[in-house]
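Q: Let me give you the structure first, and then I'll get to my questions.
Chains as they are written, first to last, in this note's numbering: chain C, 1331 to 1499; chain V, 135 to 218.
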């Protein structure tokens, strides 16, 4: 694993998130569920907790966009780049953007499973950079895994706990 | 040193794709009007870096396996750790 730096992390354990808009590929409830499950992947192994807010500015702002979307890293159409996220910090820090030219799915392997992409991006939102371990969630290339039986690989657990410690419970 | 050669030559389109990929994800920078003779080109160096990071055979060449990984869907965050 690698991090953006030992001090590039949230200085609090209670974080907020907001889903700014939705992809038309999935039902809203499926997006909500995918995002919540993706955050819980990290909450299970750290002292971090996540609370959803419906308005205002959250620590992690989540949005779907195509092409240029105001952050100097435009998306590139179908395939290639699926999403990106920013390391912890004020303003755009922690935010996660998903390329809406992709075909996001809830469970189907005939598209890109939003839960898997979101769980990876939230790793960045919390301070993890890419891993060179092919089995890690933070490996930069998308590979299908069954979302119903997903377990956070040990490389990612070690990485996130190096920043925030273990879940006390 | 012995270098393995690609089975098929990469097309100009593939080379452009690789250059764009390495610029975006591995911090490949333009090397124009350099008066220094370079034994290893920046492209070869970055290709090797990318192959090592991705767990591929490190050849420094744009081979089929490397191209295939470059064409896979991925996260847009650079693999080079800028903070470091």
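We treat Cβ as the ideally placed atom computed from N, Cα and C, and that holds for glycine.
1) Can you tell me which of the three DSSP states residue 1471 (chain C) falls into?
2) Please state whether the Cβ-Cβ distance between residue 185 (chain V) and residue 193 (chain V) is less than 8 Å.
3) I'd like to know whether the C-beta of residue 1500 (chain C) is nearer than 8 Å to at least one C-beta of chain V.
4) Kindly indicate if chain C contains any beta-carbon less than 8 Å away from that of residue 194 (chain V).
5) So residue 1389 (chain C) and residue 1345 (chain C) are supposed to be a Cβ contact under 8 Å. How far apart are they, rounded?
6) Could you tell me how far apart the beta carbons of residue 1394 (chain C) and residue 1343 (chain C) are, in whole angstroms, since I believe they sit closer than 8 Å?
7) Could you check whether residue 1458 (chain C) and residue 1490 (chain C) sit closer than 8 Å to each other, using their CB atoms as the reference points?
8) Return no unless some Cβ of chain V is closer than 8 Å to the Cβ of residue 1488 (chain C).
9) For residue 1336 (chain C), tell me which candidate among C:1429, C:1499, C:1493, C:1481 has the shortest Cα-Cα distance.
10) Is residue 1501 (chain C) buried or exposed, if buried means 16 or more other CB atoms sit within 10 Å of its CB?
11) Name, in chain order, the residues that DSSP records as bridge partners for residue 1427 (chain C).
12) Just confirm the distance between the C-beta atoms of residue 1449 (chain C) and residue 1368 (chain C), as a whole number of angstroms; I'd bet it's less than 8 Å.
13) Cβ closer than 9 Å: which chain V residues qualify as neighbours of residue 1471 (chain C)?
14) Let me check understanding here. Comparing Cα to Cα, which of C:1357, C:1434, C:1375 lies closest to residue 1482 (chain C)?
15) Strictly under 8 Å for the Cβ-Cβ distance: is residue 213 (chain V) near chain C by that measure?
16) Is the Cβ-Cβ distance between residue 1383 (chain C) and residue 1362 (chain C) less than 8 Å?
17) Pick helix, strand or coil for residue 1435 (chain C), following the three-state DSSP scheme.
18) Please work out which residues of its chain come closer than 7 Å, Cβ to Cβ, to residue 1373 (chain C), disregarding the five sequence neighbours upstream and downstream, and give them in chain order.
19) Alpha carbon to alpha carbon, what distance is there between residue 207 (chain V) and residue 1441 (chain C)?
20) Please work out which residues of its chain come closer than 6 Å, Cβ to Cβ, to residue 153 (chain V), disregarding the five sequence neighbours upstream and downstream, and give them in chain order.
21) Which two residues bound the contiguous alpha helix (DSSP H) that contains residue 1347 (chain C)?
A: From the atom records:
1) strand
2) yes
3) Residue 1500 (chain C) lies beyond the range of chain C shown here (1331 to 1499); nothing can be said about it.
4) no
5) 5 Å
6) Wrong, their Cβ atoms sit about 28 Å apart, outside the cutoff.
7) yes
8) no
9) C:1493
10) This structure cannot speak to residue 1501 (chain C), because chain C is shown only from 1331 to 1499.
11) C:1393, C:1414
12) 4 Å
13) In chain order: 188, 203, 206, 207, 208, 209.
14) C:1375
15) yes
16) no
17) strand
18) 1379, 1380.
19) Rounded to the nearest angstrom, the two C-alpha atoms are 11 Å apart.
20) In its own chain, leaving out the 5 sequence neighbours on each side, no residue places its CB closer than 6 Å to the CB of residue 153 (chain V).
21) Per DSSP, residue 1347 (chain C) belongs to no alpha helix (DSSP H); it is in the beta strand (DSSP E), 1344-1349.
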